[in-house]
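Chemist: The structure is given below, and queries will be raised subsequently.
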Amino acid sequence: MSKEYNIDKIAERINRIEDVLASVAAGDLDARINAEAEDDLSGIEAAIDLLIDDLTDELKQREKMQKEVEDKLSKIQEQQKTILQQQADLLELSSPVSKVWDNVLILPVIGTLDSQRTQVMMENLLEKIVETGCTISILDITGVPTVDTQVANHLLKTVTSARLLGAECIISGISPAIAQTIVHLGIDLSTIKTKATLQDAMIFAMKQNKRSENVKLQSLFTSSDEKEE
Amino acid sequence: MLGLTSDINWETLSKHLIDSENNIVEVRQLVRYHAKQLSMGIIDQTRITTAVSELLRNMYNYGGGGEVLIEKGIVDDKISLIITCTDHGSGIEDLELAMSDGYTSGNGMGYGLPGAKRLVDRFEIKSELNMGTIVRVMKWK
Chain U
30 MSKEYNIDKI
40 AERINRIEDV
50 LASVAAGDLD
60 ARINAEAEDD
70 LSGIEAAIDL
80 LIDDLTDELK
90 QREKMQKEVE
100 DKLSKIQEQQ
110 KTILQQQADL
120 LELSSPVSKV
130 WDNVLILPVI
140 GTLDSQRTQV
150 MMENLLEKIV
160 ETGCTISILD
170 ITGVPTVDTQ
180 VANHLLKTVT
190 SARLLGAECI
200 ISGISPAIAQ
210 TIVHLGIDLS
220 TIKTKATLQD
230 AMIFAMKQNK
240 RSENVKLQSL
250 FTSSDEKEE
Chain H
58 MLGLTSDINW
68 ETLSKHLIDS
78 ENNIVEVRQL
88 VRYHAKQLSM
98 GIIDQTRITT
108 AVSELLRNMY
118 NYGGGGEVLI
128 EKGIVDDKIS
138 LIITCTDHGS
148 GIEDLELAMS
158 DGYTSGNGMG
168 YGLPGAKRLV
178 DRFEIKSELN
188 MGTIVRVMKW
198 K
């Protein structure tokens with residue numbers, strides 16, 4: 030026994046399916062066929078509705094994920110900005126030059142000496158030498174874990190430029206391990222005054238101070254003696 | 058690459074890309090950490106770290122960056138840390154010259170490669186013009 034089909038009705042329903050598919054394709058995800066009749070065609074209609082449901086879910090999920098990724102990305106970018114800012118801050122902070130005694134400057138170096146940092150460090154030191162007129166500066170590298178040829182090169186340059194301004198540089202805080210490493214690398218630091226600890230460097234600086242004071246006093250006496258004659 | 062000591066039994070500890078100065082510091086710290094893990098003394102730790110620092114700098118300054126491989130393994134019956142630096146830069150024209158004290162093609166001090174060699178127990182280098190350079194250094198306990 031065959032069912033009776035109304036051709037017009039069926040054509041209408043197929044048109045409806047086409048319409049819905051067209052609107053989904055155009056981006057309207059709320060469009061559904063919502064078939065009323067129960068027959069062979071309604072199975073297809075229901076399946077298409079289900080498919081659209083799945084598609085909608087999938088798209089929503091993807092949108093959500095994309096949003097999450099974008100959020101994370103912007104967060105990371107913000108963090109990166111902060112890091113860069115802090116790096117810049119650190120660069121300034123990490124090269125403090127302070128006068129600790131008559132005629133004596135101290136520059137504690139902590140961390141890694143890259144070219145940029147050395148530049149800042151050198152500028153700070155040279156400015157301070159000119160500003161205070163100190164003739165002895167101590168570069169303490171206790172906080173530098175690795176001295177390779179680049180770091181040594183930077184130290185040498187700093188010492189040389191300080192010398193050009195009339196200040197003697199003492200490098201202190203060279204650990205036994207670093208001392209051996211420098212020798213193996215073949216770097217010649219013999220032109221630089223070096224001390225094992227900051228304390229040694231301070232004692233040396235004080236002695237140097239005293240000597241120059243004595244010389245000054247002596248020259249004062251001799252010049253006054255000469256006048257009397 | 059041919060000509061370098063290698064062993065399939067070596068255990069890879071880590072692998073890194075060097076493309077900035079910050080990477081250098083990071084990898085250097087890691088090398089020190091691994092050296093410590095192998096219970097090397099402070100002097101040996103400093104030596105291998107400094108040697109690697111030289112190699113990484115060379116790689117970054119002249120080779121345009123590259124990769125580092127940190128391995129652990131047995132070399133000549135001794136437990137060793139093996140570090141391999143590979144770059145794809147212009148290569149070294151005259152290895153003998155590059156390995157001599159005081160020679161630099163840039164504005165360094167010229168002690169990088171020969172210095173690094175003196176700091177480690179074994180030093181192997183291979184370079185091909187316009188292909189790149191591989192340096193493998195080993196330090197054992």
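So the sequence lines, in the order shown, correspond to chains U and H.
Everything in the first sequence is counted per the numbering used here, starting at 30 for the first residue and increasing by one.
Everything in the second sequence is counted per the numbering used here, starting at 58 for the first residue and increasing by one.
Glycine included, C-beta positions come from ideal geometry on N, C-alpha and C.
Using a Cβ-Cβ cut-off of less than 7 Å, give me the residues of the segment 129-141 of chain U that come near chain H, in sequence order.
Modeler: Those residues of the segment 129-141 of chain U that come within reach of chain H (Cβ to Cβ, closer than 7 Å) are Thr141.
Chemist: Looking only at its own chain, which residues have a Cβ that is under 6 Å from the Cβ of Ser31 of chain U, when we skip the five neighbours before and after it?
Modeler: In this prediction, Ser31 of chain U has a pLDDT of 49, which is less than 50 and means its spatial position is unreliable; what the coordinates show is noted afterwards. Nothing meets the Cβ criterion.
Chemist: Mind listing the chain U neighbours of Leu176 of chain H? Cutoff is C-beta to C-beta under 8 Å, in chain order.
Modeler: Ordered by position in chain U, the residues that pass the 8 Å Cβ test against Leu176 of chain H are Thr210, His213 and Leu214.
Chemist: Anyone know if the C-beta pair for Leu136 of chain U and Leu154 of chain U falls short of 8 Å?
Modeler: Contact flag set, yes.
Chemist: In this structure, does DSSP put Ser190 of chain U in helix, strand or coil?
Modeler: It is helical.
Chemist: Run through DSSP, which three-state label would Leu126 of chain U get?
Modeler: Inspection of the sequence shows that residue 126 of chain U is occupied by Val rather than by Leu. The answer is coil: DSSP assigns Val126 of chain U none of H, G, I, E or B.
Chemist: To which residues of the same chain is Glu216 of chain H closer than 8 Å at the C-beta, ignoring the five residues directly before and after it?
Modeler: Past the boundaries of the shown model lies residue 216 of chain H; chain H is included only from 58 to 198, so the question cannot be answered.
Chemist: Hey, is the segment 80-95 of chain H in contact with the segment 158-165 of chain H, meaning 3+ C-beta pairs nearer than 8 Å?
Modeler: No, the segment 80-95 of chain H does not touch the segment 158-165 of chain H.
Chemist: According to a CB-to-CB cut-off of less than 7 Å, which residues of the segment 99-119 of chain U neighbour chain H?
Modeler: Residues passing the 7 Å Cβ filter: none.
Chemist: Determine which residues of the segment 166-200 of chain U have a Cβ less than 9 Å from any Cβ of chain H, and write them out in chain order.
Modeler: The residues in question are Pro174, Thr175, Val176, Asp177, Thr178, Gln179, Val180, Ala181, Asn182 and Leu185.
Chemist: Should Gln106 of chain U be labelled buried (16 or more other beta-carbon atoms within 10 Å of its own) or exposed?
Modeler: Gln106 of chain U is exposed by the Cβ-count criterion.
Chemist: Pairs of beta-carbons, one from the segment 195-211 of chain U and one from the segment 224-234 of chain U, closer than 8 Å: are there three or more?
Modeler: A contact exists between the segment 195-211 of chain U and the segment 224-234 of chain U.
Chemist: With the cut-off set at 8 Å, would you say Arg193 of chain H and Thr141 of chain H are in Cβ contact?
Modeler: Yes; because the gap between Cβ atoms is below 8 Å, this pair is in contact.
Chemist: Along the chain, where does the beta strand (DSSP E) containing Leu58 of chain U start, and where does it finish?
Modeler: Leu58 of chain U -> no beta strand (DSSP E), and no H or E assigned at all.
Chemist: Inspect the beta-carbon positions of Ser166 of chain U and Ala196 of chain U and report whether they are closer than 8 Å.
Modeler: Yes, they are a contact pair.
Chemist: If we call anything under 8 Å between Cβ atoms a contact, is Val159 of chain U one with Leu214 of chain U?
Modeler: Taking 8 Å as the Cβ cut-off, Val159 of chain U and Leu214 of chain U do not qualify as a contacting pair.
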